[in-house]
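> Residue numbers (this note's numbering): 3 to 218. Each residue gets a CB set at the ideal place from its N, CA and C atoms; glycine is no exception. Model, not experiment: these values are computed from the prediction.
1) Shortest alpha-carbon distance to residue 155 belongs to which of 143, 168, 127 and 120?
2) Using only CA atoms, which one of 3, 38 and 28 lies nearest to residue 11?
3) Could you give the distance in angstroms between the alpha-carbon of residue 66 and the alpha-carbon of residue 106?
4) Can you say whether residue 212 is buried or exposed, counting buried as having 16 or more other CB atoms within 10 angstroms of its CB?
5) Taking residue 85 as part of the alpha helix (DSSP H), name the residues at either end of that continuous run.
6) Going by DSSP, what residues sit across from residue 24 in a beta bridge?
7) I think residue 44 touches residue 32, with their Cβ atoms under 8 angstroms apart; what is that distance to the nearest whole Å?
8) Given a cut-off of 8 angstroms on the beta-carbon distance, is the pair residue 82 and residue 88 in contact?
9) Count the other CB atoms within 10 Å of the CB of residue 150; is the residue buried (16 or more) or exposed (fewer)?
10) What's the gap between the Cα of residue 218 and the Cα of residue 210?
11) Please classify residue 184 as buried or exposed, where buried requires at least 16 other C-beta atoms within 10 Å of its C-beta.
12) Using three-state DSSP, classify residue 48 as helix, strand or coil.
13) What does DSSP give as the partner residue(s) for residue 7 in the beta ladder?
14) Exposed or buried, what is residue 27 when buried is set at 16 or more other beta-carbons lying within 10 Å of its beta-carbon?
15) Please state if the CB of residue 200 and the CB of residue 186 are separated by a distance shorter than 8 angstroms.
16) Could you tell me which uninterrupted alpha helix (DSSP H) segments, each at least 4 residues in length, are contained entirely in the stretch 105-160, listed from first to last along the chain?
17) At what residues does the alpha helix (DSSP H) containing residue 98 begin and finish?
18) On the criterion of 16 or more Cβ atoms from any shown chain inside 10 Å, does residue 54 qualify as buried, or is it exposed?
19) Which same chain residues end up closer than 6 angstroms to residue 59 when comparing Cβ atoms and leaving out the 5 residues on each side of it in sequence?
20) Looking at the secondary structure, which residues open and close the alpha helix (DSSP H) in which residue 198 lies?
Given below as structure tokens:
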């Protein structure tokens, strides 16, 4: 791991002088306290448990408090809530930004919100149309040609489709409703104001399985 940063901007080495042994969270927090950081004494008693602060909640490898708002439950959460840790960018982001590119992380499990997935689907369809081959060079050439075959017009349509899905979810629609809206308003980037009335009329003819559970 790279050096951390104290509040005054100077480097905080995370390892012992041998360069391989990690100092440990207690030592790192004490060093920060000496530099004026507003951190609790790691040797003090946690009022919530009446015991000494644990290294991390949940035991070894757990870090169960990662997403909680309490920043003083364990030593790891204290350290990870420090600005230089919290604002640390990933290696991928730093690598791309040095070259003038911006990295966007798409939501997990929502492929309809990421139009690059639709571009991959288009390229895969083209790739499957090529004759089978056992040559690695031929397969690589087919792959590159398939990826390059996606028209810019299709990419724009895919991006617009993803934008419609995103707007539908933002408006509170569920999966079935968002799919209906995407098909209904294919010429729009976002949903029109009339979508609520149109949806109510459309759902009158939907089968029960599509309507989902009835809310009381």
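Straight from the coordinates:
1) 120
2) 38
3) 26 angstroms
4) exposed
5) 85-88
6) 17
7) 7 angstroms
8) yes
9) exposed
10) Its pLDDT being 41, under 50, residue 218 is placed unreliably by the model, and the measurement read from it follows with that caveat. Rounded to whole angstroms, residue 218 to residue 210 spans 15 angstroms at the Cα level.
11) buried
12) strand
13) 13
14) buried
15) yes
16) 117-130 and 138-150
17) 93-100
18) exposed
19) 66, 67, 75 and 76
20) 197-205
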